[in-house]
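Trainee: Residue numbers (full-length UniProt numbering), protein chains in the order written: chain A, 1 to 625; chain B, 1 to 678.
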Amino acid sequence: MAALYEATTLCVLNVGPGGSDSGISGIEPSADDDQVVVTDSARSVTVYKVSDKKALGSWTVKQGQTVTCPAIYNPQTSEYVVVTDSKVSADVWRVLSVPDSEPLVLFQRGAVRRLDTLLADPQQPVENVLPEEAVIRWSAVLNVEQQPCLMFLSEQKGETLLLMQRRHPDSAARYRLEGGEAPLSCSALPCDGGVRLFCLYSSGSVYESVVPIRGAGGVVEEVQPLPRTLLLNLPVGEGKLESASAVSLDDAHVALVGVPHPSAGPGKDFLCIWNTNFQTLQAAKEMAGRIYGQLWCSCGKLYVPHGKSLSVIPFKCQKSSLAAAMGKLRQAGSNGTIASAEEVQKKVSAFLSNLKNLHVIQVAAGGLASVLVSRCQEQPGFYPHSALVQLVHSQCLSYSVCPHLLTLALEKKDYALCQFCLQVFPDIPEAVACSCLKAFLSESDGTLDTVSLERDSVAFVEGLIANSTQEGGETQSSMPLDMKCPVGLHKAVLLNEILQVAYSDCFLLLHLKTLSAPQVILFLQYLQFLYGKYSQDLHTQVSALRSPAMTQILDWICLLVDAHFTVLVMAPEARELLSHLHKVVRLQVKVFSELGKIEGCLQALQKAKQSGDVCQYSIEVIELF
Amino acid sequence: MGEFTVHRVRFFHYMPSGICAMAFNRRTERLAVARTDGSVELYSRTDHFFQEKVVPGRQQRSIQALCWVGKRLFGAGLSGEIAEFDLDNLRLKFSQDAYGGPIWSIVCNPQGTHLAAGCEDGTVKLFEILEDQIRFERNMGGQKGRIISLAWHSSGTKIAAGMIDMIKVFDLDSGELRSRGSRMQQSQECVVWSVLFLSDIIVSGDSAGKVKMWDVNTGTLIKNHQVTEWDVLTLSVSQDETSLFAGTSEGTVVQFQLLDVVLGQEEKEWVRTRTFKNHTHDVIALAEADTVIISGGMDTQLVVRPLLDKLDFKSRDSSLLKILFPQRSLVSCAKKAGLLLFQYPTHLELWRLGDTEGHGPPGCILPVSRNPEKLLHLKIKGEDHVCCSAVAPCGEWIAYSTTSGIRLYRLQRDNKNVSITKVPKLPKVLRHAHQLCFSPDSSHLYGTTSSAVHVVALTSAGCKFEHSLKPNSCVEPFGNESQEISDGKFLASANSNSEIHIYNMHKLKAHCTVPVYRSGVSAMGIHPETNNLVIVHADHQIFEFSIEQMQYTDWSRRVQKEGLHHVWLERDTPVINVTFNPQNPNHVILHDSYMFCIIDQSLPLPDRKSQFHNQLTLKSLPEAERLKHSHAFKECKLYQPLLCVDMLENQSLVVVERPLLDITTNLPAPVRQKKFAT
């Protein structure tokens, strides 16, 4: 979780005319962690001690001059560097401080010089890297693999290019950002073998691009495409974002300002921290007054100009539990020491017992299950049955969280897991339910009987079958209600689970058509058997926590007959079945028509009683004694 | 006893008006109640709050305050006029514009010589009370801000006036003004709805829901009681100034008592003691009458709450009384024609009852072969509301009276069409009637005024004044309240002093008077065959007086000797109507708001120990044993609340019901409703 702490006001803003400009052009770290250099967009530079909210020093340039780039602190010389009126030998875009090295000067046409070399020969010629119409939008220096890496975005002719330069080895590369549109705000973080670039667009989307750093030097003149992935799609409301800013805090958290809070009303501005892994809002703080779309991050503190003041908000980001769980397993895989099924089982137990928060557990368990399933698919020998059963039992999973789990169980013929999934998942698609049905029907009774299934549901079917054999022995009548169970015990248990799965009949009908004729006839026979038992009221003697309802049985019969009517009519072995079902239906129709009559009578009675209560006039007979 | 066919009628949409002002006269023990339709009702405290008189309302008349001065009753309202009510003739005596805009409050001084009116323009206007009029004396105050409430100090020299956000105290001798409690509430406007001027403090009730006690001399707040989240609308104090009541918008009445802080010591303090919740809507008016507190408001009912609730024995005086329905009949029934005339304030409705051809066992509902039909909707001319109305037994005549005039209509019905013609040239003496009735053969109309009974002969050609009957010993004032006719030979009329005069209509002269009983006459009727007059009083005593022999009958003497059953005497609504069974001369039919009762004079009276409500017991007994256990009072509570019970010529009963739910659903939404567990 991430947290935002109490905000303190660092200084009062010198808001520009019209109030659209915060009057601050930059905030840079200074001599120590508690100091910052704040550059006024007009003429002054001030160094503040943050914890004391006190200005340590301030410089103002001459009347008529303007400060054109944010001042930086040069730790090498303990000097502050600022550019006035853009000029050295060519127009300067920014002076960028480089950790443990001399600052770099980035010119507006894309050339880069070290500050010391530039100061040694201020009139040296500067080459033009970028065409004249190109505009630099953003620039940054990062330490990647102990080497400073300069990158900047330039926008020209409707496309946005990322230029990257390194000194050792001397290299340069150009990338074209996907989408073309220039981002509202950018932020970069070093990562394994490259740089992660976060871009916030006016549509409210935050994209991530990973820029690789190639070990070999050399200048690549060719422009390479830079793919992006969507991290966050924030609700913007109507229209587009105009002034907003994003700063990535770590690999999972982004601080945003100027983007509407998803649950707050309009007209309020918030500073938000979002988790990009889970797309969740981690922390938010309302910013009073106008937001200028500016946000800086320095030494664990966020700097936000809003209204008439510049606020400092300390924050903290912790690694989320899911990230921890995922990270561990990935490391195990990548390190080559593959955890065995038993170890996984132990870890899963520990993981489940540690998690208390339901929301976190649902996402985390889903992620964990997905990882396990994909590993099972990759490694044929690996199948942590008990870990998976435990995960399903935690009731935190659903089909959509981990779609491949049920198919995996079917592939592995893990019918016990199938049963649990059917019981627990509320959202099994009709196609998957149907493929389960097919698998159950085509599996031989002998194989199935070796599987250990949930005890309660087995006991229920045992009760039904036991009753049928008793009854059958006594009355060998022609009544088809007293038939023998056409399938084995465990097959019946699994079929019962299928009956209890939620479905939408128009989708199910489509998939039921893929059943073969023998499968249909077998299933219908089983349903008929169940119906017979139910109409004898025998199931009420057999108590079970879960058992298919009468309406579920009837609905399935209807659907099956509907899907395979022509096949059933043609098949001679189905004739007896159909004639029996016909009898059943006729009986039901008769009962319902009688019930309808009773309902009519009762309604008439109720009407007669009501009319006596409410009417304005009646003639009654009373007797006095 | 027998079976009866009952026409159960629920299409009389009677709607009572909300109570907007009350005044209690301690000397005469009379309570005056003003309603939002402008009518004023008088109740007698000594006679179980029997409604003695009703001054009918008038459109646009709104009464904000009532005030007794001796036996005279004054009222004032938003029309800006101060009016005196003529309680003998039940109309306005005079009204005088105060020229100060709407009047919110009037009070009289303790000496009864002056009236003060609080006006919209911010002035308190003083009037001198003269015989038959009032005379403007002077103005006080006069800054902007309306005067909402007034209170006169018992010394007669100071008046406290409640306004918006402040209370002003006027000194009458010096004419000096002293303001108190400026800006009573910081956040919002605060209306002082009511003030009381006790001997040493001023008490105010305001729209912030507070009852505040103020020091008279310094104007400082002594005590503040938050009574409700809504408004405190009215205050009332007992005569000895030890008990105080506040009525609120949420329908509660809160009592404060002046109690010793430490037992046995001098120091006393006002302490909130009891809360009564008998109203669903705003309590707008309160009156304290020694042992009871009377409250009324928007929910239209008058609630009399006894304060001595620790009494061991139960009696009519110690139980809560709610008066919701009028204590006179608003329905008149044409027995021969099967018509009902409903009296609304501004119109009359004539309905023909339905019919049935079915028969059935007791308890069943017979199929209606002909639905009831509304024959007539007669709008009243002028602004005055109807005070009485009648339909002739044959159904061909309708008469009604307002305070300004009487109108008589002839109704002609052929198969489907109903035509109505106004009968012109009513006698001039009959300008206003308290009570109207037709003779049983529909040949005469009788109208009573405060001094006489006027007789008008009706023919198909028109009407002709015949005679004015005056009682032998005329006692002034003479307010006729109810009257009853036998088969045309005798007419009885009772006034509010419980005097009953009987006239012989054949000889057109006074016949005799009935001995005066202490309680008011709530209903009476003359038996068509025996010419016995059955009189029921407000205290539920029943007398039967033989007109021909001019003495009480044996049955009546037996009733007095044996005494009526206590259950009967404890009933809290008076009997409204007395009628007879044309088939069985022993049957007298009485009804009040919650039951009707058939008295079989041939049966023994219930003795003290016997079960009074014995209908269910009798029903369960075999027929042979029933007679042994039955008594004269056959009470039926199947239909309630009742506005009218009458018997048609074909021995079928007509009951006019007004379900309470229909009334409450027509009321505006209350400010606060009790929700479960709140």
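Ideal Cβ placement from N, Cα and C applies to all residues, glycine included.
Does any C-beta atom of chain A lie closer than 9 Å to the C-beta of residue 17/B?
Mentor: Taking Cβ atoms only, chain A never reaches closer than 9 Å to residue 17/B, which makes this a no.
Trainee: Going by CA-CA distance only, name the one from 307/B, 561/B, 421/B that's closest to residue 321/B.
Mentor: The shortest C-alpha separation from residue 321/B is found at 307/B.
Trainee: Nearest chain B C-beta to residue 624/A closer than 9 Å, yes or no?
Mentor: Output row for residue 624/A: interface = yes.
Trainee: Using only the alpha-carbon positions, how far apart do residue 376/B and residue 615/A sit?
Mentor: Cα to Cα, the separation comes out at about 21 Å.
Trainee: Suppose you measure from the CA of residue 96/B to the CA of residue 637/B; what does that come to, to the nearest Å?
Mentor: For residue 96/B and residue 637/B, the distance between alpha carbons rounds to 48 Å.
Trainee: Does any residue of chain A have a CB that is nearer than 9 Å to the CB of residue 356/B?
Mentor: It does; some Cβ of chain A falls within 9 Å.
Trainee: To the nearest angstrom, how far is it from the Cα of residue 386/B to the Cα of residue 628/B?
Mentor: In a straight line, the C-alpha of residue 386/B is about 49 Å away from that of residue 628/B.
Trainee: In chain A, which residues lie less than 9 Å from residue 3/B when you measure between Cβ atoms?
Mentor: Per Cβ cutoff of 9 Å: 621, 622, 623, 624.
Trainee: Taking Cβ positions only, does residue 63/A come closer than 9 Å to chain B?
Mentor: It does not; no Cβ of chain B falls within 9 Å.
Trainee: Are residue 259/B and residue 271/B close, meaning C-beta to C-beta below 9 Å?
Mentor: A contact, by the Cβ cut-off of 9 Å.
Trainee: Are the Cβ atoms of residue 287/B and residue 293/B separated by less than 9 Å?
Mentor: Yes, Cβ-Cβ distance for residue 287/B and residue 293/B is below 9 Å.
Trainee: In the DSSP assignment, find the alpha helix (DSSP H) that holds residue 393/A and state where it starts and stops.
Mentor: Taken as a continuous stretch (DSSP letters only), the alpha helix (DSSP H) holding residue 393/A covers 385–393.
Trainee: Are the C-beta of residue 627/A and some C-beta of chain B separated by less than 9 Å?
Mentor: Absent from the model: residue 627/A. The displayed extent of chain A is 1 to 625, so no value can be given.
Trainee: Taking the Cβ atom as the reference point for each residue, do residue 332/B and residue 396/B lie within a distance shorter than 9 Å?
Mentor: Against a cut-off of 9 Å, the Cβ pair of residue 396/B and residue 332/B comes out as no contact.
Trainee: Where DSSP assigns a beta bridge to residue 161/A, which residues make up the other side?
Mentor: Per DSSP, 154/A, 176/A.
Trainee: If we count the other Cβ atoms within 10 Å of its Cβ and call it buried at 16 or more, is residue 676/B buried or exposed?
Mentor: Because the pLDDT at residue 676/B is just 49, under 50, the model does not fix this residue reliably, and the point stays unresolved.
Trainee: Taking only the alpha-carbon atoms, compute the straight-line gap between residue 112/B and residue 579/B and give it to the nearest angstrom.
Mentor: Rounded to whole angstroms, residue 112/B to residue 579/B spans 45 Å at the Cα level.
Trainee: Could you spell out the range, first to last residue, of the alpha helix (DSSP H) harbouring residue 555/B?
Mentor: Here the alpha helix (DSSP H) through residue 555/B covers 554–562.
Trainee: State yes or no: is the C-beta of residue 253/B within less than 9 Å of the C-beta of residue 225/B?
Mentor: Cβ atoms of residue 253/B and residue 225/B: not closer than 9 Å.
Trainee: Would you kindly work out how many angstroms separate the C-alpha atoms of residue 141/B and residue 124/B, rounded to a whole number?
Mentor: Cα to Cα, residue 141/B sits roughly 6 Å from residue 124/B.
Trainee: Can you tell me which of the three DSSP states residue 449/A falls into?
Mentor: Residue state, collapsed to three classes: helix.
Trainee: My output table needs one value for residue 230/B: the three-state DSSP class, helix, strand or coil.
Mentor: Note: residue 230/B maps to coil in three-state DSSP.
Trainee: Specify whether the segment 132–152 of chain B and the segment 161–172 of chain B touch according to this definition: at least 3 beta carbon pairs, one from each stretch, less than 8 Å apart.
Mentor: Short answer: they touch.
Trainee: Is there at least one Cβ from chain A nearer than 9 Å to residue 610/B's Cβ?
Mentor: By this cut-off, residue 610/B is not an interface position.
Trainee: With 9 Å as the threshold, decide whether the Cβ of residue 407/B is near any Cβ in chain D.
Mentor: You won't find chain D in this structure, because its protein chains are A and B.
Trainee: Buried or exposed, going by whether 16 or more other CB atoms sit within 10 Å of the CB of residue 8/B?
Mentor: It is buried - the Cβ of residue 8/B has at least 16 other Cβ atoms within 10 Å.
Trainee: Quick check on residue 644/B: buried or exposed, where buried means 16 or more other Cβ atoms within 10 Å of its Cβ?
Mentor: When all chains shown are included, residue 644/B counts as buried.
Trainee: With a threshold of 9 Å between beta-carbons, can residue 138/B be considered close to chain A, or not?
Mentor: Answer no: the Cβ-Cβ gap between residue 138/B and chain A never drops below 9 Å.
Trainee: Please report how far the alpha carbon of residue 229/A lies from the alpha carbon of residue 404/A, in whole angstroms.
Mentor: Near 23 Å, if we compare the C-alpha coordinates of residue 404/A and residue 229/A.
Trainee: By how many angstroms is the C-alpha of residue 488/B removed from the C-alpha of residue 632/B?
Mentor: If I take the Cα positions, the gap works out to 28 Å.
Trainee: Does the separation of the CB atoms of residue 430/B and residue 439/B fall below 9 Å?
Mentor: No, the pair does not count as a contact, with Cβ atoms beyond the cut-off.
Trainee: Do the CB positions of residue 396/A and residue 361/A come within less than 9 Å of each other?
Mentor: Yes.
Trainee: Quick one: what's residue 594/B bridged to in DSSP?
Mentor: Answer is none; residue 594/B lacks a bridge partner.
Trainee: Could you tell me whether the Cβ atoms of residue 340/B and residue 324/B are closer together than 9 Å?
Mentor: No, Cβ-Cβ distance for residue 340/B and residue 324/B is not below 9 Å.
Trainee: Can you check which of these residues, 188/B, 518/B, 591/B, 608/B, is closest to residue 559/B by C-alpha distance?
Mentor: Taking only the C-alpha atoms, the option nearest residue 559/B is 608/B.
Trainee: With distances taken Cα to Cα, identify the nearest neighbour of residue 366/A among 378/A, 377/A, 351/A, 380/A.
Mentor: Checked all of 378/A, 377/A, 351/A, 380/A; the closest Cα to residue 366/A is 351/A.
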